[in-house]
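Q: Here my numbering is used: the sequence shown runs in plain steps of one and ends on residue 519. By construction, the Cβ of each residue, glycine as well, lies at the ideal position given by its N, Cα and C atoms. Handing you this structure, nothing more for now.
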Amino acid sequence: MDSFIRKHAYPSVGLPLLLIALLAALLLWLHWAILAKFNWLMTDMDQLFMWYGVEEMRAGRFHMPRYFGQDYGSMLEAWISVPFTFVNYNKLLPLAAYFLCMLPYGLMVFAIPARQRLWGLVLVLAFLGLMSVEYIAIGAMPRDMSSGLAITALSLPFLRGKRWFHRLLVGFFCLLGWSFNANAAPFGAVITLVVLFSEGGRNFRTWLWVGLGYLIALGVHGLVEWFYILHPELIIHRKWPLDWQWFRFEQGITHLSRHWGRLVPFFHNYGGLYLAGFAGMTLAAIWWRKKALLIATLVLSVLMVVTLGLEKIHDAFDAIYFSFERMYFALPVSFLFLLLLFKPGWRIALCVAFLSITSMLDERINIEEKILELRDPDIPSGLTIMDLEQMQWRCEELEVYWKETEAQALFYGPGDLLGDWVMARGCECITEMHHTIRPEYERKTWELRALDQPKYSSFLWISPELSDSLLTSLEVPFTKVDSLEAYGVIYSIQGDGLNPMEIYKRAGFESVDY
């Protein structure tokens with residue numbers, strides 16, 4: 006009888022393997038369509054810093070350890086893209102971001118007990134297949150969305166190890182992920198608590214080695230902080246202070262679908278379902294007396310709910326593209342991690358798999374409509390967004406004047422110009438132009454320093470605030486280049502021993518500090 010039960014407790018390995026292959030194929034089919042129809046066709050001004058980062062690092066120029074012009078975030082997408090010289094930036098950087106977004110799901114296999122690994126993998130793929138199109142589109146934006154989560158997930162292969170270095174590496178990667186991007190903190194906290202309390206929380210050596218891993222990661226974080234103390238001129242965009250406000254908390258609780266909706270599997274318009282999930286896992290942990298899972302679930306629940314009251318966590322929809330979702334990217338990953346530790350049965354995995362297959366087929370059939378919604382120009386973003394085809398054409402149009410005048414720099418602004426944020430950051434990567442800058446808000450401060458020297462003979466200047474009389478009063482030699490519809494008049498400043506930044510400031514215009 007016991008032999009019969011053991012034999013039939015799980016279906017044969019053929020069924021989960023078939024489902025894994027089918028789910029993986031459907032995921033690839035759907036995700037490739039999202040990349041091809043959305044991420045590879047448009048960009049915003051912040052994504053282009055990743056392009057620029059790859060360009061600079063390939064040339065051996067490393068400017069700063071974090072996101073250019075910020076004292077937070079990372080350039081991880083750019084770092085891992087450096088060797089792939091055969092792929093265009095418009096595909097390379099989204100693929101790098103997509104890889105980082107998917108990495109925690111791939112490493113989730115280490116959280117599954119060996120005997121249940123195949124069905125656990127079915128559940129992971131099915132869960133991912135139930136996520137919304139928007140989730141994948143956001144995750145594939147090369148804007149440091151998932152770097153912290155990816156680094157934190159590197160702790161998963163050491164989760165079940167019993168040696169001292171396993172514990173140390175868990176602590177190290179859990180805290181290091183937060184240093185890369187603060188949105189990874191809940192994921193790191195959950196993994197840490199599961200490890201610390203896996204043996205009832207009474208193993209002193211586990212606490213010691215995890216704590217040492219934390220200290221080492223904190224040391225790395227401190228060294229980076231010290232770099233910015235020594236180089237404050239590099240910082241144009243500082244960390245936002247964590248300001249907790251009760252009215253934001255009330256607003257967040259009553260609008261959970263707005264904050265978490267796209268992060269909920271299948272039921273994308275019902276963000277509050279995560280609260281039900283937290284309650285269910287809490288009760289299950291109490292029922293089965295799983296101390297580590299109970300503590301981790303309670304901490305995750307509190308972190309997610311309390312942060313609804315923090316400014317810059319969920320209130321920036323009108324300031325940053327998709328900000329609601331990206332701040333909570335740790336939510337689905339952490340939830341799935343805990344769910345796998347509850348060892349759901351194969352029947353649950355089978356049901357979720359069939360639901361996921363149906364969902365992915367529906368999403369793929371209606372992909373065109375969903376992508377059009379994502380690219381709706383009326384969606385408030387606060388960022389300059391441009392089709393890559395349009396950007397390529399405008400950069401090449403300007404490059405003609407760059408070559409004709411033998412310019413050594415191109416200034417945008419001050420004043421509003423069509424796509425100037427994008428052009429100032431991206432043209433260097435797709436043309437032969439160099440030093441394309443916007444001095445009134447320029448994160449590439451090393452370029453401003455380079456241009457603040459009297460050794461230039463020619464530069465182009467586009468600004469609605471420029472005039473013949475102003476340039477004449479500055480006593481600089483200038484000529485008008487044929488105007489472009491998008492920019493108006495382009496001025497070519499030519500002479501011996503020109504200092505472009507000094508001329509810019511003499512005209513009465515302000516630049517960022519450098």
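Got a sec, what are the start and stop residues for the alpha helix (DSSP H) Ser262 sits in?
A: Along the sequence shown, one-based indexing puts residue 262 at 257. Per DSSP, Ser262 belongs to the alpha helix (DSSP H) from 261–265.
Q: Below 8 Å between beta carbons: does that hold for Gly176 and Gly134?
A: Residue mapping note: residue 176 aligns to position 171 of the sequence shown, counting from 1. Residue mapping note: residue 134 aligns to position 129 of the sequence shown, counting from 1. Contact flag unset, no.
Q: Let's see if you can read the secondary structure: which residues bound the alpha helix (DSSP H) around Gly277?
A: Here the question's residue 277 lines up with position 272 in the sequence shown. Unbroken run through Gly277: none, as it is neither H nor E.
Q: Thinking C-alpha only, which one of Met50, Gly58, Ala491 is nearest Leu393?
A: Within the sequence shown, residue 393 is the residue found at index 388, counting from 1. It is Met50 whose Cα lies nearest to the Cα of Leu393.
Q: Per DSSP, which residues does Gln499 bridge with? Please list them.
A: For the purposes of this step, residue 499 is taken as the residue at position 494 of the sequence shown. Note: Gln499 sits in a beta bridge opposite Ser463.
Q: Can you look up Ile390 in the DSSP assignment and give me helix, strand or coil?
A: Locating residue 390 in the sequence shown gives position 385, counting from the first residue. Strand, per DSSP.
Q: So, under 8 Å CB-CB, Ala158 and Pro109 are touching, yes? Tell me the CB distance rounded to an integer number of Å.
A: Within the sequence shown, residue 158 is the residue found at index 153, counting from 1. Within the sequence shown, residue 109 is the residue found at index 104, counting from 1. Contact flag correct, Cβ pair sits at about 4 Å.
Q: With DSSP run on the structure shown, which of helix, strand or coil describes Val481?
A: Walking along the sequence shown from the start, residue 481 turns up at place 476. If DSSP states are grouped into helix, strand and coil, Val481 belongs with coil.
Q: Compute the distance between the beta-carbons of Leu213 and Leu315, then report whether it is under 8 Å.
A: In the sequence shown, counting from the first residue as 1, residue 213 sits at position 208. In the sequence shown, counting from the first residue as 1, residue 315 sits at position 310. Against a cut-off of 8 Å, the Cβ pair of Leu315 and Leu213 comes out as no contact.
Q: What are the boundary residues of the alpha helix (DSSP H) that Thr302 is part of?
A: For the purposes of this step, residue 302 is taken as the residue at position 297 of the sequence shown. That run of the alpha helix (DSSP H) goes 296–311.
Q: What are the partner residues of Thr436, as DSSP defines its beta bridges?
A: Residue numbering aside, residue 436 sits at position 431 when the sequence shown is read from its first letter. None; Thr436 has no bridge partner.
Q: Are the beta-carbon atoms belonging to Ser468 and Thr410 less than 8 Å from one another?
A: By 1-based counting over the sequence shown, the position of residue 468 is 463. By 1-based counting over the sequence shown, the position of residue 410 is 405. Against a cut-off of 8 Å, the Cβ pair of Thr410 and Ser468 comes out as no contact.
Q: Would you call the stretch 347–359 in contact with the stretch 123–140, where contact means no fewer than 3 C-beta pairs closer than 8 Å?
A: With the cut-off at 8 Å, the stretch 347–359 and the stretch 123–140 touch.
Q: Which two residues bound the contiguous beta strand (DSSP E) that contains Leu415?
A: Locating residue 415 in the sequence shown gives position 410, counting from the first residue. Its beta strand (DSSP E) spans residues 415–417.
Q: Alpha carbon to alpha carbon, what distance is there between Ala455 and Ala412?
A: Locating residue 412 in the sequence shown gives position 407, where the first residue counts as 1. Locating residue 455 in the sequence shown gives position 450, where the first residue counts as 1. Their Cα atoms are separated by approximately 15 Å.
Q: Anyone know if the C-beta pair for Leu53 and Val307 falls short of 8 Å?
A: Along the sequence shown, read from residue 1 onward, the residue named residue 53 stands at position 48. Along the sequence shown, read from residue 1 onward, the residue named residue 307 stands at position 302. Result no, Cβ atoms of Leu53 and Val307 do not sit closer than 8 Å.
Q: Do Lys375 and Pro118 have their CB atoms nearer than 8 Å?
A: Counting from one through the sequence shown, the residue named residue 375 turns up at place 370. Counting from one through the sequence shown, the residue named residue 118 turns up at place 113. No, these two residues do not count as a Cβ contact at 8 Å.
Q: If you draw a straight line from the alpha carbon of Lys167 to that of Gly205, how long is it in whole angstroms?
A: Within the sequence shown, residue 167 is the residue found at index 162, counting from 1. Within the sequence shown, residue 205 is the residue found at index 200, counting from 1. So the alpha carbons of these two residues sit roughly 15 Å apart.
Q: If we ignore side chains and look at the alpha-carbon of each, how far apart do Val310 and Val200 end up?
A: Taking the first residue of the sequence shown as position 1, residue 310 is located at position 305. Taking the first residue of the sequence shown as position 1, residue 200 is located at position 195. Rounded to whole angstroms, Val310 to Val200 spans 23 Å at the Cα level.
Q: Less than 8 Å between the beta carbons of Ala102 and Phe202, yes or no?
A: As a first step, residue 102 is located in the sequence shown; it is residue number 97 there, counting from the start. As a first step, residue 202 is located in the sequence shown; it is residue number 197 there, counting from the start. In this structure, Phe202 does not lie closer than 8 Å to Ala102 by Cβ.
Q: Looking at Gly153 and Gly182, is the spacing between their C-beta atoms short of 8 Å?
A: Residue 182 sits at position 177 when you count from the first residue of the sequence shown. Residue 153 sits at position 148 when you count from the first residue of the sequence shown. Taking 8 Å as the Cβ cut-off, Gly182 and Gly153 qualify as a contacting pair.
Q: For Arg430, count neighbouring C-beta atoms within 10 Å of its own C-beta (all shown protein chains included) and say buried if the count is 16 or more, exposed if not.
A: As a working mapping, residue 430 is identified with position 425 in the sequence shown. It is buried - the Cβ of Arg430 has at least 16 other Cβ atoms within 10 Å.
Q: Assign Ser478 to one of two classes, buried (16 or more other C-beta atoms within 10 Å of its C-beta) or exposed (fewer than that).
A: Position 473 of the sequence shown, counted from the first residue, corresponds to residue 478. Exposed, since its Cβ has fewer than 16 Cβ neighbours within 10 Å.
Q: For Glu470, which residues in the same chain have their Cβ closer than 7 Å to its Cβ, ignoring the five residues on either side in sequence?
A: Here residue 470 corresponds to residue number 465 of the sequence shown, with the count starting at 1. Counting only Cβ-Cβ distances below 7 Å, and skipping sequence neighbours, we find Pro419, Gly420.
Q: Using DSSP with H/G/I as helix, E/B as strand and the rest coil, what is Val92?
A: Within the sequence shown, numbered from 1, the residue matching residue 92 stands at position 87. Coil, per DSSP.
Q: Given a threshold of 16 other Cβ atoms within 10 Å of its Cβ, counted over all protein chains shown, does His273 qualify as buried or as exposed?
A: Along the sequence shown, read from residue 1 onward, the residue named residue 273 stands at position 268. His273 comes out buried.
Q: Compute the distance between the beta-carbons of Trp56 and Leu27, then report whether it is under 8 Å.
A: Residue mapping note: residue 56 aligns to position 51 of the sequence shown, counting from 1. Residue mapping note: residue 27 aligns to position 22 of the sequence shown, counting from 1. Cβ atoms of Trp56 and Leu27: not closer than 8 Å.
Q: Return yes when the Cβ of Gly266 is within less than 8 Å of the Cβ of Tyr275, no when it is not.
A: Here residue 275 is taken as the residue at index 270 of the sequence shown, counted from 1. Here residue 266 is taken as the residue at index 261 of the sequence shown, counted from 1. Yes, the Cβ-Cβ distance between Tyr275 and Gly266 is below 8 Å.
Q: Leu180: which of Ala194, Ala38, Met332, Trp169 sits nearest, CA to CA?
A: Here residue 180 refers to the residue found at position 175 of the sequence shown. Taking only the C-alpha atoms, the option nearest Leu180 is Ala194.
Q: Excluding sequence positions up to five away, which residues of its chain have a Cβ less than 7 Å from the Cβ of Val269?
A: Reading the sequence shown from its first residue, position 264 is the one you call residue 269. Answer for Val269: Tyr275, Gly276, Leu278, Tyr279, listed in chain order.
Q: Where Thr48 and Cys400 are concerned, what is the direct C-alpha to C-alpha distance, given to the nearest angstrom?
A: Reading the sequence shown from its first residue, position 43 is the one you call residue 48. Reading the sequence shown from its first residue, position 395 is the one you call residue 400. If I take the Cα positions, the gap works out to 14 Å.
Q: By the three-class DSSP mapping on this structure, what secondary structure does His236 have?
A: Here residue 236 corresponds to residue number 231 of the sequence shown, with the count starting at 1. Correct three-state label for His236: coil.
Q: Going along the chain, which residues of its own chain have a beta-carbon closer than 7 Å to the beta-carbon of Leu198, five neighbours each way excluded?
A: Working through the sequence shown from its first residue, we reach residue 198 at position 193. Excluding positions up to five away in sequence, the list reads Ala297, Ile300, Ala301, Val304.
Q: So what does Met428 bridge to, in DSSP terms?
A: Start at 1 with the first residue of the sequence shown, and residue 428 comes out as number 423. DSSP output for Met428 lists no bridge partner at all.
Q: Leaving aside the five residues before and after Arg448 along the sequence, list all residues of the same chain whose C-beta is less than 6 Å from its C-beta, in chain order.
A: Walking along the sequence shown from the start, residue 448 turns up at place 443. Same-chain partners within the cutoff: Phe73, Gly74, Ile241.
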